[in-house]
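A short worksheet on the structure shown next.
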Amino acid sequence: MLFNITAAFRRVTDITPEMLRKMGIKGLILDIDNTLAGHNNPLPAKGVIEWLDCMRQNDIRLVILSNNFYSRVKMFAELLGLDYISGAKKPFRKSYQLAAMKMRLPKHALAAVGDQIFTDVLGANLFDIKMLYTMPIGTTSGLLYRVRKTIEILFLPEKIHYKQHQIEYKPVKTITYKDAE
4 MLFNITAAFR RVTDITPEML RKMGIKGLIL DIDNTLAGHN NPLPAKGVIE
54 WLDCMRQNDI RLVILSNNFY SRVKMFAELL GLDYISGAKK PFRKSYQLAA
104 MKMRLPKHAL AAVGDQIFTD VLGANLFDIK MLYTMPIGTT SGLLYRVRKT
154 IEILFLPEKI HYKQHQIEYK PVKTITYKDA E
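FYI, the working numbering numbers position 79 of the sequence shown as 82, with every residue one higher than the one before it.
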């Protein structure tokens with residue numbers, strides 16, 4: 004399935020090392036805009052720096068993968084001390100392959116983290132890795148954003164659980180775009 008979501012979270016900071024261990028994840032491919040920070044915000048959202056430190060302390064490898072411009076991604080990634088790939092052309096597989104190579108991890112040990120169905124979720128599924136969906140941090144009142152939200156909600160299941168070896172773990176609370184706003 005092209006729009007499979009392994010687990011969904013309100014914020015990236017809700018993802019814990021314990022959850023990742025249960026899913027066999029050792030590396031995260033991270034989106035920036037509306038995942039780690041508000042759209043085009045030069046600073047990470049509240050709690051993200053501490054969350055990244057926790058991930059590092061638990062030996063979770065991290066790399067930023069963004070469709071955004073080099074200067075935006077470079078500045079943000081360097082602020083956080085993360086490796087990065089800019090101009091990624093998500094959802095295409097090549098950039099995900101580069102991210103996996105940077106982390107030196109096999110696909111089965113990776114997950115993508117992001118907020119967009121047609122870039123992050125589709126890209127993770129095309130590369131055949133787990134997808135950890137997060138609700139967008141900020142909202143935009145623009146017409147394009149509202150249209151995208153309306154279309155994307157059709158692809159979000161009512162409840163999202165994460166599974167490993169056909170053992171169902173604690174379900175993540177049902178979330179909708181309305182809950183996030």
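Glycine included, each C-beta is placed from N, C-alpha and C at the ideal position.
- Going by DSSP, aspartate 86 is part of the beta strand (DSSP E) stretching over 86 to 88.
- Inclusion of leucine 68 and alanine 48 in the CB contact set at 8 Å is not warranted, their separation being larger than that value.
- When rounded, the separation of the alpha-carbon atoms in aspartate 34 and leucine 83 is 13 Å.
- Nearest to leucine 113 by alpha-carbon distance, out of Lys133, Phe121, Ala40, is Lys133.
- Distance from the Cα of glycine 141 is smallest, within the candidate group Thr38, Lys93, Leu108, Lys105, for Thr38.
- CA-to-CA, the gap between lysine 25 and alanine 11 works out to about 15 Å.
- When the five nearest sequence neighbours on each side are left out, the beta carbons in the same chain lying within less than 6 Å of the beta carbon of tyrosine 136 are those of Ile8, Ala11, in order along the chain.
- Sixteen is the threshold: when 16 or more other Cβ atoms of the shown chains lie within 10 Å of the Cβ of glutamine 119, as they do, the residue is buried.
- Secondary structure at lysine 133: strand, using DSSP grouped into helix, strand and coil.
- Methionine 78 and leucine 5 have their alpha carbons spaced roughly 32 Å apart.
- DSSP places leucine 157 in no beta strand (DSSP E); its state is neither H nor E.
- The shortest CA-to-CA distance from proline 20 to any of Met58, Tyr148, Phe72, Met106 is the one to Met58.
- For the pair isoleucine 156 and arginine 107, the Cα-to-Cα distance works out to about 34 Å.
- The alpha helix (DSSP H) runs lying completely inside the stretch 14 to 98 and spanning 4 residues or more are 20 to 26, 51 to 60, 73 to 83, given in chain order.
- For glycine 117, the pairing in a beta bridge is given by DSSP as Tyr136.
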